[in-house]
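Residue numbers (the numbering used here), protein chains in the order written: chain A, 1 to 236; chain B, 237 to 566.
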């Protein structure tokens, strides 16, 4: 199906002169409406794998081969990040910095994909924030400077920034890192509230509870549930 | 964005450097008038000398807001003006002269953008180098024009060279040079406050890494900022060369203005590390700068050295106030 992400001939290594590829993946299909847990040991390349597919990897530091096909578009890996975003890829990375000097709504609007003018983007962001404020009985988060929010609040805004725009594929890399238990639960509540019906989620997390929450979400939404072990793709 | 419009405007007025500049301009103007100066003369002198600086300072503010810097503007102003004068002396029509000098501006600014963004040359170095090349080019054109003038006089004729760009270059609207400057300010204000592109421009200046995480076209925004700075320098160059030169072309026109533009941008609230921009405040800061420069002509006995001391003190005081308002010393 066009919404399945097909990866072919993916090989990756750092430009250190070492001949060994860090991982090789002859073929991978991430299906539409799937909830995928991406598992692997520390330093196994989970984050790098997601960044390769999202096109946000540092191209000067890596050597990669392979192609991906998604939404009837074929790209060499790594694809242009903006093109993937415009096709409906959303990413949440706990290391992603935001703009504490800008307001919450500005932080959301700033990531709008192509096709959204200012008025439309602001209107959509306001609608998302209004739903969020109703969910948690919060007030006027939109106009507040992001830096004035708590760490948990900023983490949730980071997730909202990804979910506010049309998305078919969501990559989440340690989305609950540095959050307390209450905010970790809220991450999945927000996910359940704002995730598009046909979207696929790929989750990287070292917390078993996060994968349990994803499994629960998949069951509630009747999504295909699967596990991908990055170690299976490591070069022999 | 949830607050009412009036609240937003008053908040801007309170926080913007525009209010500070406006008050200082008013104070200097009032003092000038009190010293038996003609009010109309003071205002006219301040405004007419401000308009050419406004696009230049605005260009500096735009490029600084994106986290870059452009030190080529001084040499570029010299070169674009001299190129225009040179082509006009060859009998080229005004539209062709304007288009040719604009093309030259596009080439120089694009070169700067490619050097900085594509090849990673620090903006400080790349633009300083291109500025020196531009200044040298202006001097070269000056020597050609001077040689032609000498030859014409030796031949018993009049030097067929253009000393200033003719009045036909003026737009004929209410105040010719001001139209260009005001149009630039209006366009920049709309872009800054009412478009996503303006918001993203500031985001790149605030934090390039966060901008990349938000999948913003960081390289394109930086390159565009450098090109816009160069094009606004071209606008300033045209304004400086329209009928202002009293006695001949001057290849030194624009010399030193790169630092003046940066100071005015900072006086107008542009943070030197990037991420802030207020075109109206920059325009008022340019007027404030020129108003301070007029003092030596208004206040009896106030020589250029005292005027410089006064200007420097005011600039330092404003920077101190801004730093305290921001709660930081940087």
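Note that CB positions come from ideal geometry on N, CA and C, so glycine has one too.
Among the candidates the options, whose CA atom is the shortest distance from the CA of residue i?
{"i": "residue 87 of chain A", "options": "A/176, A/170, A/134, A/40", "result": "A/170"}
{"i": "residue 345 of chain B", "options": "B/474, B/502, B/466", "result": "B/466"}
{"i": "residue 435 of chain B", "options": "A/58, A/155, A/118, A/147", "result": "A/118"}
{"i": "residue 82 of chain A", "options": "A/109, A/24, A/114", "result": "A/114"}
{"i": "residue 94 of chain A", "options": "A/123, A/220, A/152", "result": "A/152"}
{"i": "residue 422 of chain B", "options": "B/309, B/472, B/519, B/360", "result": "B/519"}
{"i": "residue 288 of chain B", "options": "B/458, B/474, B/556, B/501", "result": "B/474"}
{"i": "residue 28 of chain A", "options": "A/42, A/40, A/9, A/17", "result": "A/9"}
{"i": "residue 348 of chain B", "options": "B/362, B/339, B/456, B/335", "result": "B/362"}
{"i": "residue 110 of chain A", "options": "A/136, A/149, A/160", "result": "A/160"}
{"i": "residue 309 of chain B", "options": "B/492, B/383, B/559, B/509", "result": "B/492"}
{"i": "residue 127 of chain A", "options": "A/105, A/197, A/154, A/48", "result": "A/105"}
{"i": "residue 316 of chain B", "options": "B/306, B/299, B/336, B/307", "result": "B/336"}
{"i": "residue 426 of chain B", "options": "B/530, B/514, B/541, B/284", "result": "B/514"}
{"i": "residue 102 of chain A", "options": "A/64, A/149, A/132", "result": "A/149"}
{"i": "residue 260 of chain B", "options": "B/521, B/543, B/333, B/556", "result": "B/521"}
{"i": "residue 193 of chain A", "options": "A/44, A/131, A/173", "result": "A/131"}
{"i": "residue 138 of chain A", "options": "A/122, A/156, A/178", "result": "A/156"}
{"i": "residue 226 of chain A", "options": "A/201, A/207, A/184", "result": "A/201"}
{"i": "residue 224 of chain A", "options": "A/197, A/206, A/208", "result": "A/197"}
{"i": "residue 52 of chain A", "options": "A/207, A/41, A/66, A/42", "result": "A/66"}
{"i": "residue 417 of chain B", "options": "B/548, B/357, B/516, B/311", "result": "B/516"}
{"i": "residue 476 of chain B", "options": "B/366, B/429, B/290", "result": "B/290"}
{"i": "residue 173 of chain A", "options": "A/122, A/40, A/50", "result": "A/50"}
Consult DSSP for residue i and reduce its assignment to one of helix, strand or coil.
{"i": "residue 318 of chain B", "result": "helix"}
{"i": "residue 260 of chain B", "result": "helix"}
{"i": "residue 42 of chain A", "result": "coil"}
{"i": "residue 238 of chain A", "result": "This structure leaves residue 238 of chain A out entirely; chain A is present only between 1 and 236."}
{"i": "residue 14 of chain A", "result": "strand"}
{"i": "residue 7 of chain A", "result": "strand"}
{"i": "residue 212 of chain A", "result": "helix"}
{"i": "residue 519 of chain B", "result": "helix"}
{"i": "residue 62 of chain A", "result": "strand"}
{"i": "residue 35 of chain A", "result": "strand"}
{"i": "residue 411 of chain B", "result": "Its pLDDT being 49, under 50, residue 411 of chain B is placed unreliably in this model, and the value from its coordinates should be taken loosely. Note: residue 411 of chain B maps to coil in three-state DSSP."}
{"i": "residue 93 of chain A", "result": "strand"}
{"i": "residue 173 of chain A", "result": "strand"}
{"i": "residue 296 of chain B", "result": "helix"}
{"i": "residue 437 of chain B", "result": "helix"}
{"i": "residue 308 of chain B", "result": "coil"}
{"i": "residue 238 of chain B", "result": "The predicted model places residue 238 of chain B with a pLDDT of 41, which falls under 50 and marks its position as unreliable; any figure quoted below should be read in that light. If DSSP states are grouped into helix, strand and coil, residue 238 of chain B belongs with coil."}
{"i": "residue 302 of chain B", "result": "coil"}
{"i": "residue 67 of chain A", "result": "strand"}
{"i": "residue 25 of chain A", "result": "strand"}
{"i": "residue 598 of chain B", "result": "No answer is possible for residue 598 of chain B: it lies beyond the span of chain B, which begins at 237 and ends at 566."}
{"i": "residue 85 of chain A", "result": "helix"}
Would you kindly check if the distance between the Cβ of residue j and the Cβ of residue i is under 7 Å?
{"i": "residue 470 of chain B", "j": "residue 341 of chain B", "result": "yes"}
{"i": "residue 164 of chain A", "j": "residue 125 of chain A", "result": "yes"}
{"i": "residue 188 of chain A", "j": "residue 213 of chain A", "result": "yes"}
{"i": "residue 36 of chain A", "j": "residue 217 of chain A", "result": "no"}
{"i": "residue 497 of chain B", "j": "residue 292 of chain B", "result": "yes"}
{"i": "residue 442 of chain B", "j": "residue 295 of chain B", "result": "no"}
{"i": "residue 503 of chain B", "j": "residue 554 of chain B", "result": "yes"}
{"i": "residue 230 of chain A", "j": "residue 44 of chain A", "result": "yes"}
{"i": "residue 506 of chain B", "j": "residue 301 of chain B", "result": "yes"}
{"i": "residue 327 of chain B", "j": "residue 438 of chain B", "result": "no"}
{"i": "residue 448 of chain B", "j": "residue 377 of chain B", "result": "no"}
{"i": "residue 359 of chain B", "j": "residue 304 of chain B", "result": "yes"}
{"i": "residue 299 of chain B", "j": "residue 461 of chain B", "result": "yes"}
{"i": "residue 26 of chain A", "j": "residue 57 of chain A", "result": "no"}
{"i": "residue 351 of chain B", "j": "residue 343 of chain B", "result": "no"}
For residue i, which residues in the same chain have their Cβ closer than 7 Å to its Cβ, ignoring the five residues on either side in sequence?
{"i": "residue 61 of chain A", "result": "14, 15"}
{"i": "residue 54 of chain A", "result": "81, 84, 89, 91, 171"}
{"i": "residue 34 of chain A", "result": "200, 223, 224, 226"}
{"i": "residue 176 of chain A", "result": "184, 187, 205, 207, 210"}
{"i": "residue 463 of chain B", "result": "345, 346, 349"}
Tell me which residues share the same chain as residue i and place their Cβ nearer than 6 Å to its Cβ, disregarding the 5 neighbours each side in the sequence.
{"i": "residue 375 of chain B", "result": "487"}
{"i": "residue 179 of chain A", "result": "152, 155"}
{"i": "residue 446 of chain B", "result": "none"}
{"i": "residue 557 of chain B", "result": "none"}
{"i": "residue 75 of chain A", "result": "68"}
{"i": "residue 527 of chain B", "result": "261, 264, 282"}
Would you say residue i lies against chain C (beta-carbon separation less than 7 Å)?
{"i": "residue 443 of chain B", "result": "Of the protein chains in the structure, A and B, none is chain C."}
Quick one: what's got a C-beta closer than 8 Å to residue i's C-beta in the same chain, skipping five residues either side?
{"i": "residue 4 of chain A", "result": "29, 30, 31, 32, 70"}
{"i": "residue 364 of chain B", "result": "307, 308"}
**Request:** For the segment 429–441 of chain B, enumerate the residues whose C-beta is nearer than 7 Å to any C-beta of chain A, in chain order.
**Result:** 430, 431, 432, 435, 436, 439
**Message:** Closer than 9 Å between beta carbons: that is the criterion. Which residues of the segment 448–477 of chain B meet it against chain A?
**Reply:** 448, 449, 450, 451, 452, 453
**Message:** Output needed in chain order: residues of the segment 497–512 of chain B with a Cβ under 8 Å from some Cβ in chain A.
**Reply:** 511
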